[in-house]
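**Student:**
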Amino acid sequence: MKKISPSHRGALCATSVWALLMLAPAAYAADALNGRSLYLNGPASGGTACASCHGPTPANNVNGILAAANNPGVISSAFSANRGGMGSLYNGKFSAAELSDLAAFIGNPNVTAAPAATLAPASLSFAGTTVGQASAALSTTLTNSGNAALAISAVGISGANAADFSISGGSCGAGVSVAAGASCNVQLVFRPSAGGARSASLNVSHNATGGTSSVSLSGSGNVAAAPTIALSANGLNFGTLLTGNASPAQTITVSNAGQAALSLTGISLSGANAGIFQLGGTCATATAVPAGGSCTVTVVATPTAAGAFAANLTLASNASNASASVTVSLSGNASAAAPALAANPSALSFGAQTIGASALTQSVSVTNSGNVPVNFTSIAVSGAPSVTLASGGCGGTLAVGASCNLTLSFAPTAAGAVNATLLLRSNAPDLSVGISGSGTTSAVARPVLSDTTPVTFGSTQVGQQATAHRTTLSNNGSAALKITTLALGGTNPGDFALAGSCAVGASVSPGANCTIDSSFQPTAAGARSANLVLMTDGGAQLSLSLSGNGVAVAAAAPSLGINPQAFDFGSATLGDAGPVKRFTLTNTGSTALTINSASFTGPFAAATDSKSCAAFPLTLAAGAACELPVRFTPASAGSASGNVSLQANGASWTIALSGQGATAAPATGQPQNRGGGGCSAAQDGNDPTLAALVLLAAGVLLWRRRQARAAAGTLAGVASVAACALLLAPAVTPVTAQAADVGKPAPAFALEGPQGAVKLEQYRGKLVYVDFWASWCGPCRQSFPWMNEMQARYGDKGLQIVGINVDAKTDDARNFLTGTPAKFVIGFDPSGTAPRAYGVKGMPSSVLIGPDGKVLFEHSGFRADDRAALESRIQAALGASK
14 MKKISPSHRG ALCATSVWAL LMLAPAAYAA DALNGRSLYL NGPASGGTAC ASCHGPTPAN
74 NVNGILAAAN NPGVISSAFS ANRGGMGSLY NGKFSAAELS DLAAFIGNPN VTAAPAATLA
134 PASLSFAGTT VGQASAALST TLTNSGNAAL AISAVGISGA NAADFSISGG SCGAGVSVAA
194 GASCNVQLVF RPSAGGARSA SLNVSHNATG GTSSVSLSGS GNVAAAPTIA LSANGLNFGT
254 LLTGNASPAQ TITVSNAGQA ALSLTGISLS GANAGIFQLG GTCATATAVP AGGSCTVTVV
314 ATPTAAGAFA ANLTLASNAS NASASVTVSL SGNASAAAPA LAANPSALSF GAQTIGASAL
374 TQSVSVTNSG NVPVNFTSIA VSGAPSVTLA SGGCGGTLAV GASCNLTLSF APTAAGAVNA
434 TLLLRSNAPD LSVGISGSGT TSAVARPVLS DTTPVTFGST QVGQQATAHR TTLSNNGSAA
494 LKITTLALGG TNPGDFALAG SCAVGASVSP GANCTIDSSF QPTAAGARSA NLVLMTDGGA
554 QLSLSLSGNG VAVAAAAPSL GINPQAFDFG SATLGDAGPV KRFTLTNTGS TALTINSASF
614 TGPFAAATDS KSCAAFPLTL AAGAACELPV RFTPASAGSA SGNVSLQANG ASWTIALSGQ
674 GATAAPATGQ PQNRGGGGCS AAQDGNDPTL AALVLLAAGV LLWRRRQARA AAGTLAGVAS
734 VAACALLLAP AVTPVTAQAA DVGKPAPAFA LEGPQGAVKL EQYRGKLVYV DFWASWCGPC
794 RQSFPWMNEM QARYGDKGLQ IVGINVDAKT DDARNFLTGT PAKFVIGFDP SGTAPRAYGV
854 KGMPSSVLIG PDGKVLFEHS GFRADDRAAL ESRIQAALGA SK
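Sequential numbering of the sequence shown, starting at 14, is according to this note's numbering.
#1: Helix, strand or coil for V413? Go by DSSP, reduced to three states.
#2: Please specify which runs of the beta strand (DSSP E), each continuous and at least 3 residues long, are wholly inside the stretch 523-548, giving them in chain order.
#3: Return helix, strand or coil for L587, following the three-state DSSP convention.
#4: Express the C-alpha separation of A412 and T256 in angstroms, rounding to a whole number.
#5: With distance defined between alpha-carbon atoms, name the residue in T70, G232, L275 nearest to A150.
#6: Residues in its own chain within less than 7 angstroms of L254 by CB, not counting five upstream and five downstream?
#7: In its own chain, which residues sit with a C-beta less than 8 angstroms from the C-beta of I887, not counting the 5 before and 5 after it?
#8: On the premise that T241 lies in contact with G141, defined as a C-beta separation below 8 angstroms, what is that separation, rounded to the nearest angstrom?
#9: Can you list the beta strand (DSSP E) stretches of 3 or more residues lying completely in the stretch 563-644, in chain order?
#10: Using the Cα positions of T831 and N576, report the straight-line distance between them to the nearest angstrom.
#11: Drop a sphere of 10 angstroms on the beta-carbon of K772, count the other beta-carbons inside from all chains shown, and report buried for 16 or more, exposed for fewer.
#12: Kindly indicate which residue of D825, I180, T225, A628 has the alpha-carbon position closest to the one of S166.
#13: Quick check: what's the CA-CA separation for R880 versus Q474?
#14: Taking Cβ positions, are G574 and L598 nearer each other than 9 angstroms?
#15: Taking only runs that begin and end inside the stretch 423-458, name each unbroken beta strand (DSSP E) of 3 or more residues, in chain order.
#16: With burial defined as no fewer than 16 other Cβ atoms inside 10 Å of the residue's Cβ, what is the status of V446: buried or exposed?
#17: Could you pull out every residue in the same chain whose Cβ sits closer than 7 angstroms to the Cβ of I78, ignoring the five residues on either side in sequence?
#18: Are the CB atoms of P792 and R876 nearer to each other than 9 angstroms?
#19: Of all the options S136, G145, D44, A195, which has the alpha carbon lying nearest to the alpha carbon of S603?
#20: Below 8 angstroms on the Cβ atoms is my guess for M800 versus F837; work out the distance and round it to an integer in Å.
#21: Do L373 and R459 have their C-beta atoms within less than 9 angstroms of each other?
#22: Buried or exposed: which applies to E111, given that a residue is buried once 16 or more other Cβ atoms fall within 10 Å of its Cβ?
#23: Quick one: residues in its chain with C-beta nearer than 8 angstroms to the C-beta of S371, no 5 flanking neighbours on either side, listed in chain order?
#24: Using the C-alpha atoms, what's the distance from P857 back to S873?
#25: Could you pull out every residue in the same chain whose Cβ sits closer than 6 angstroms to the Cβ of Q751, ignoring the five residues on either side in sequence?
#26: Compare the C-beta of N47 against all C-beta atoms of chain B and say whether one is closer than 9 angstroms.
#27: Assuming V202 contacts C185 (C-beta within less than 8 angstroms), just tell me the rounded distance between them.
#28: Are the CB atoms of G471 and N562 within a distance shorter than 9 angstroms?
#29: Using 8 angstroms as the Cβ pair cut-off and three pairs as the minimum, do the stretch 640-657 and the stretch 587-601 touch?
#30: In the structure shown, what three-state DSSP assignment does W799 receive?
#31: Could you name the residues of the same chain whose beta carbon sits closer than 7 angstroms to that of G406, not counting the 5 residues immediately before and after it, in chain order?
#32: Compare the C-alpha of L511 against each of L215, T156, T833, L557 and name the closest.
#33: Check whether the Cβ atoms of W786 and Q478 lie closer than 9 angstroms to each other.
#34: Is it buried or exposed for A628, if we count other Cβ within 10 angstroms and need 16 for buried?
#35: If you reduce the DSSP assignment to three classes, tell me which class S218 lands in.
#36: Assuming contact is defined by CB atoms lying nearer than 9 angstroms, are G518 and S652 in contact in what I supplied?
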């Protein structure tokens with residue numbers, strides 16, 4: 014039989030891969046260190062870490078992740094196409110900047126933290142000072158703009174006149190460590206020993222690139238008393254202004270640090286836009302500034318045209334430390350009035366509603382997103398009489414940044430689709446909101462949220478959590494509803510989290526309800542906002558605006574960082590030990606933080622081990638961290654929710670938790686590899702490469718027929734393309750995984766395990782179930798309790814389960830086994846020899862080997878639905894071997 018050579022198969026696969034990558038957008042620069050944190054820990058708002066399916070480092074290229082190196086567009090496209098189930102996990106979880114950070118880390122997986130030192134200003138010019146007298150102190154700031162601690166080894170002065178300058182204070186010094194993002198300063202004074210120009214350099218030695226940062230020092234020694242001039246700023250920026258509107262006044266303070274009176278001989282404006290500025294203040298040419306005194310110059314800008322504007326303010330004087338004059342730059346930008354409106358949501362969907370039932374209502378929030386007030390002229394609904402607009406809400410004038418709400422009702426009078434439009438007219442461009450629904454005589458669900466207006470949280474310190482707000486979803490209809498989407502979007506979704514009994518996949522019976530607990534934990538100061546979006550299987554879409562204000566935490570106040578801030582454990586089988594998630598608690602403040610207690614609600618509890626946080630009350634030093642492991646042990650089937658509440662003096666933090674309790678499903682046929690529960694498979698089967706692979710297969714078939722005219726060649730072409738399909742899209746169709754050849758001898762292996770040597774030949778004459786697993790694979794954690802059960806139930810009947818770990822670091826596997834013990838044989842294969850021999854493409858993968866050493870069956874992934882069917886396979890094989 015003719016076969017396509019390995020080089021031909023590689024070319025076919027490479028052609029498919031490059032065809033896909035050619036469609037990806039260009040690469041972007043970003044913060045690879047932040048990308049590493051997102052990759053290892055998951056989204057800031059909580060969820061599955063990328064490492065759980067792609068391994069602890071992208072360098073291993075698990076599931077082809079290196080295709081996204083420095084290319085956030087590849088990640089975004091994978092989310093949009095729900096490739097490998099990633100869309101279900103991550104859509105709306107990452108901002109565009111975070112996607113760029115992830116791509117940067119994938120492109121540079123060995124990135125390390127390093128300090129970066131900057132001294133500013135880079136030069137200090139002291140006022141003319143009488144010989145033998147000390148000047149006023151000047152300061153320079155050393156900033157660590159890197160991402161690791163900056164260690165200062167020495168601070169000193171050198172140069173021609175080093176003795177004329179001295180360090181008088183500041184927080185920088187030898188042995189001082191400057192944290193990432195922090196700074197320290199050095200204060201210096203000038204005491205000239207002789208008249209004329211004097212100069213030296215301040216040198217700070219450290220562990221950042223370059224090793225030393227320097228500031229040039231200069232001053233003038235005066236034999237006789239003389240005035241000096243100093244300005245509070247060298248430039249004024251007026252920001253963005255509206256044309257024809259005066260800016261707030263900005264002030265320049267002019268100081269005389271000399272020993273004689275300072276006379277201003279001229280105060281003038283020059284430059285292209287000098288005419289739009291007006292001057293004021295106390296400085297005047299007729300009034301001298303005494304030694305040690307000061308005066309002010311105020312500047313107001315009134316732009317007359319859109320665009321950038323600039324001018325110069327010039328001060329001429331008799332100062333000894335300046336030339337004839339000093340100049341202050343003036344700048345800004347003007348824009349014409351631009352009224353604008355925005356609607357949230359931008360479209361309303363009422364879904365199907367029963368004819369003759371009471372009207373269903375939804376609200377639209379209208380915001381003035383322009384730079385001038387909006388004056389409404391009309392607000393109306395057209396297109397369908399069954400959609401009406403309630404009175405009130407919006408009207409008259411809407412201030413810049415303000416919002417108003419409109420309530421719309423839907424009461425269908427006939428069967429069929431209904432479409433209408435909400436139109437708002439004003440001095441801003443027209444704003445339209447599409448409205449859809451349908452009438453039916455059948456029983457339907459009527460989802461209603463208890464909140465009809467935006468939810469606003471109070472001002473909350475950055476890093477701390479506001480009191481959760483509860484929203485109730487009620488089903489006022491006559492049929493059950495199912496939640497298909499419950500997610501956060503908008504500007505700052507990472508600052509908000511959702512918990513409660515409502516969850517994706519949950520059903521709400523007629524007359525029943527569930528709850529949504531939204532919480533606010535700002536990551537930055539200022540206004541923060543997000544949108545809660547809920548969709549049902551009946552087509553209804555409900556939206557709720559969330560907002561809050563982040564308040565900067567005082568430098569001395571302790572704060573706690575929690576990573577992740579929320580977590581969904583997924584499915585856990587009733588009666589099993591339950592999965593464990595480790596949460597990192599970090600004292601992000603500058604003083605010690607004592608956490609008094611940790612309390613749990615729902616089916617969640619602490620899972621103490623040798624690496625967990627100490628017993629509460631627990632004190633964390635500034636910058637210190639520990640891990641809090643939490644175990645999920647559901648008591649009943651269905652959705653479960655709860656939280657961990659951490660209490661400190663005057664502060665508390667909450668970690669939202671959720672999961673699904675599942676019972677072992679009855680056998681429904683032969684197990685199939687649908688990709689669900691496997692770390693390398695798409696969950697919905699909608700892989701975008703399918704169409705391309707089908708066309709490629711057809712092309713190969715035609716080419717082989719023309720070249721070889723042999724059926725064997727054709728079959729080889731199909732096999733080659735199928736191999737590519739399994740590599741690029743392992744879950745396109747629900748087929749059994751091809752990890753080894755059924756009916757052929759199983760490849761031998763010889764490994765080391767916790768109990769010694771592990772060889773396949775040791776178990777000749779037994780039924781062997783080989784399971785390939787990894788510590789980073791979530792479904793692997795769910796499969797272990799089942800395998801423990803199978804070993805206990807059938808071990809004395811001839812079954813031997815062998816778990817082969819593929820982690821590159823054996824310590825990772827041992828840590829996994831500490832929390833998830835195995836009651837069967839374990840072998841470590843850090844080199845990956847065995848999975849390569851068996852053709853494994855995803856975790857977990859299993860192979861059933863008969864007493865004669867031949868492969869009976871292969872399977873990829875692990876889901877609760879597979880348990881009974883896999884056990885039937887084992888039972889049948891044991892029966893046949895007797």
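Where is the CB? At the ideal position from N, CA and C, for every residue including glycine.
No experiment lies behind these values; they were computed from the predicted model shown.
**Tutor:** The short version:
#1: Reading the sequence shown from its first residue, position 400 is the one you call residue 413. Coil at V413, not helix or strand.
#2: As far as the stretch 523-548 is concerned, its whole beta strand (DSSP E) runs of at least 3 residues are 526-533.
#3: Counting from 1 along the sequence shown, the entry for residue 587 is found at position 574. Here L587 sits in coil by DSSP.
#4: Stepping through the sequence shown from its first residue, residue 256 is reached at position 243. Stepping through the sequence shown from its first residue, residue 412 is reached at position 399. In a straight line, the C-alpha of T256 is about 18 angstroms away from that of A412.
#5: Stepping through the sequence shown from its first residue, residue 150 is reached at position 137. With distances taken between Cα atoms, A150 lies closest to G232.
#6: By one-based count along the sequence shown, residue 254 stands at place 241. Hits under 7 angstroms: S260, A314, P316, G345, A347.
#7: If you number the sequence shown from 1, residue 887 lands on position 874. Once the five neighbours on either side are set aside, the close Cβ partners of I887 are L780, Y782, M803, Y807, L812, L861.
#8: Here residue 141 corresponds to residue number 128 of the sequence shown, with the count starting at 1. Here residue 241 corresponds to residue number 228 of the sequence shown, with the count starting at 1. Between T241 and G141 the Cβ distance is about 5 angstroms, and since that is below 8 angstroms, they are a contact.
#9: When DSSP assignments are scanned along the stretch 563-644, the uninterrupted stretches of beta strand (DSSP E) that are 3 or more residues long and fall wholly within it turn out to be 573-576, 579-586, 593-600, 606-614, 617-619, 631-633.
#10: To locate residue 831, count along the sequence shown from 1; it is residue 818. To locate residue 576, count along the sequence shown from 1; it is residue 563. Whole-angstrom Cα-Cα distance: 22 angstroms.
#11: Sequence index remark: in the sequence shown, residue 772 carries index 759 (1-based). It is exposed - the Cβ of K772 has fewer than 16 other Cβ atoms within 10 Å.
#12: By 1-based counting over the sequence shown, the position of residue 166 is 153. The candidate whose alpha carbon is nearest that of S166 is T225.
#13: If you number the sequence shown from 1, residue 880 lands on position 867. If you number the sequence shown from 1, residue 474 lands on position 461. Rounded to whole angstroms, R880 to Q474 spans 48 angstroms at the Cα level.
#14: In the sequence shown, the residue the question calls residue 574 occupies position 561. In the sequence shown, the residue the question calls residue 598 occupies position 585. Going by C-beta atoms, G574 is nearer than 9 angstroms to L598.
#15: 429-439, 444-453
#16: Counted from its first residue, the sequence shown places residue 446 at position 433. Result: buried.
#17: Within the sequence shown, numbered from 1, the residue matching residue 78 stands at position 65. So the qualifying residues of the chain are H67, P71, I119.
#18: The sequence position of residue 792 within the sequence shown is 779, counting from 1. The sequence position of residue 876 within the sequence shown is 863, counting from 1. Yes, these two residues count as a Cβ contact at 9 angstroms.
#19: On the sequence shown, position 590 is the one that residue 603 refers to. Nearest option by C-alpha distance: A195.
#20: In the sequence shown, the residue the question calls residue 800 occupies position 787. In the sequence shown, the residue the question calls residue 837 occupies position 824. At roughly 6 angstroms, the Cβ-Cβ gap stays under 8 angstroms, so M800 and F837 are in contact.
#21: Translated into positions along the sequence shown, residue 373 becomes position 360. Translated into positions along the sequence shown, residue 459 becomes position 446. The answer is yes: Cβ separation under 9 angstroms.
#22: As a first step, residue 111 must be located in the sequence shown, where it is residue number 98. Counting Cβ neighbours within 10 Å, E111 comes out buried, since at least 16 surround it.
#23: Your numbering for residue 371 matches position 358 in the sequence shown. Counting only Cβ-Cβ distances below 8 angstroms, and skipping sequence neighbours, we find A424.
#24: As a position in the sequence shown, residue 873 is number 860, starting the count at 1. As a position in the sequence shown, residue 857 is number 844, starting the count at 1. Between S873 and P857, the C-alpha separation is close to 6 angstroms.
#25: Here residue 751 is taken as the residue at index 738 of the sequence shown, counted from 1. Any reading at Q751 must be qualified, since the residue scores a pLDDT of 39, below 50, and its modelled position is unreliable; the value itself is stated next. Counting only Cβ-Cβ distances below 6 angstroms, and skipping sequence neighbours, we find nothing.
#26: Of the protein chains in the structure, only one exists, and it is not chain B.
#27: Counted from its first residue, the sequence shown places residue 202 at position 189. Counted from its first residue, the sequence shown places residue 185 at position 172. Actually they do not touch by this definition, with Cβ atoms about 16 angstroms apart.
#28: Walking along the sequence shown from the start, residue 562 turns up at place 549. Walking along the sequence shown from the start, residue 471 turns up at place 458. At the C-beta level, N562 and G471 come within 9 angstroms of one another.
#29: yes
#30: Here residue 799 corresponds to residue number 786 of the sequence shown, with the count starting at 1. Helix, per DSSP.
#31: The sequence position of residue 406 within the sequence shown is 393, counting from 1. The answer, listed in chain order, is C417, N418, L419, T420.
#32: The residue labelled residue 511 in the question sits at position 498 within the sequence shown. Checking every option, the nearest Cα to that of L511 belongs to L557.
#33: Position 773 of the sequence shown, counting from 1, holds the residue named residue 786. Position 465 of the sequence shown, counting from 1, holds the residue named residue 478. Not in contact: W786 and Q478 (Cβ atoms no closer than 9 angstroms).
#34: Counting from 1 along the sequence shown, the entry for residue 628 is found at position 615. Exposed, by the Cβ-count rule.
#35: Along the sequence shown, one-based indexing puts residue 218 at 205. Three-state result, S218: strand.
#36: Sequence index remark: in the sequence shown, residue 518 carries index 505 (1-based). Sequence index remark: in the sequence shown, residue 652 carries index 639 (1-based). Contact flag set, yes.
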